Amino acid sequence: MDGAPVRGESIPIRLFLSPYELTPTHRNINNKFSVKYYLNLVLVDEEDRRYFKQQEITLYRLPETS
């Protein structure tokens, strides 16, 4: 990334999830619980300034094809 971050600017990232044992996101199961995942991001610029962002992510499983 070149220059200072601008509010509202999107920075694409790629995160490989295969090393983690994750379950799909679940919402309000039998009015008892939900499963949510959050990604905590820290961007450090050349002058060691830190920018923080917490983003909820939704995980789902694709059906296996044989």
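Residue 52 in this note's numbering sits at position 52 of the sequence shown; the count goes up by one each step and never skips.
A virtual CB, placed ideally from N, CA and C, is assigned to each residue, including glycine.
Since this is a predicted model, take the numbers as computed values, not measurements.
State the DSSP-derived secondary structure class of residue i, mapped to helix, strand or coil.
i	result
E47	coil
K32	coil
L39	strand
R27	strand
E9	coil
E64	coil
E21	coil
Give every residue of the same chain whose Cβ lies closer than 8 Å to the Cβ of residue i, excluding the five residues on either side of it in the sequence, and list them in chain order.
i	result
Y60	P24, T25
L22	Y37, L59
N30	none
Return the chain-ordered list of same chain residues with a C-beta closer than 6 Å to the C-beta of residue i, the five sequence neighbours on each side being excluded.
i	result
Q54	Y38, N40
F33	none
Check this for me: beta carbons of residue i and residue j, under 9 Å apart or not?
i	j	result
Y51	L43	yes
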